[in-house]
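Okay, structure first, notes after.
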C-alpha cells in the first residue's frame, strides 16, 4: 500500500478516517509522506478526492496512484474519472521536505507513462 514509505521515517497512513484528510492540513505540511485509502465507503461518501489532492498540493505534496513498480501522478494531472470511487490507495510525497524521494517518484511516474 505504501511502496516508498520505508525510505523515510515520518509517514502518515490514513485508512479508516478520511475526514483527517480535510482536517489535518497542518500535520500534512510537516509530513514527508502520506498514504491513504480511497474508496466509496464510510467517510468517503462526502469527501471529494480532487479537493483532497488540491489541498495536499497546497501544502507541498505531489500525489500518485501507486502500482507495482509504477506511479501515476494525480497532482496537476487530474482526469474526471479519478473521481469515481473504487478501492485504492493514494500516496503523496512532500516536494519540499523530501526532495530526493519526490525526484525518485517523479522518475518512476515518467517511466510509467513512457516520458
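Numbering (the numbering used here), first residue to last: 434 to 548. Quick reminder that beta carbons are idealized off the backbone N, C-alpha and C, glycines included.
Outcome for residue 460 when other beta-carbon atoms lying within 10 angstroms are tallied against a minimum of 16: exposed
Beta-carbon proximity list for residue 508, same chain, < 7 Å, skipping 5 on both sides: 486, 490, 495, 496
Limits of the unbroken beta strand (DSSP E) element including residue 495: Counting along the chain, the beta strand (DSSP E) containing residue 495 begins and ends at 494-500.
Residue 518 to residue 470 span [Cα, whole Å]: 11 Å
Proximal residues to residue 472 (C-beta, below 8 Å), its chain only, five neighbours per side dropped: Closer than 8 Å at Cβ, skipping near neighbours: 518, 519, 520, 521.
Contacts around residue 541, its chain only, beta-carbon distance under 6 Å, and the 5 residues preceding and following it disregarded: 504
Residue closest to residue 481, alpha-carbon to alpha-carbon, out of 493, 529, 534, 514: 514
Helix, strand or coil at residue 540 according to DSSP, with G and I counted as helix: Residue state, collapsed to three classes: helix.
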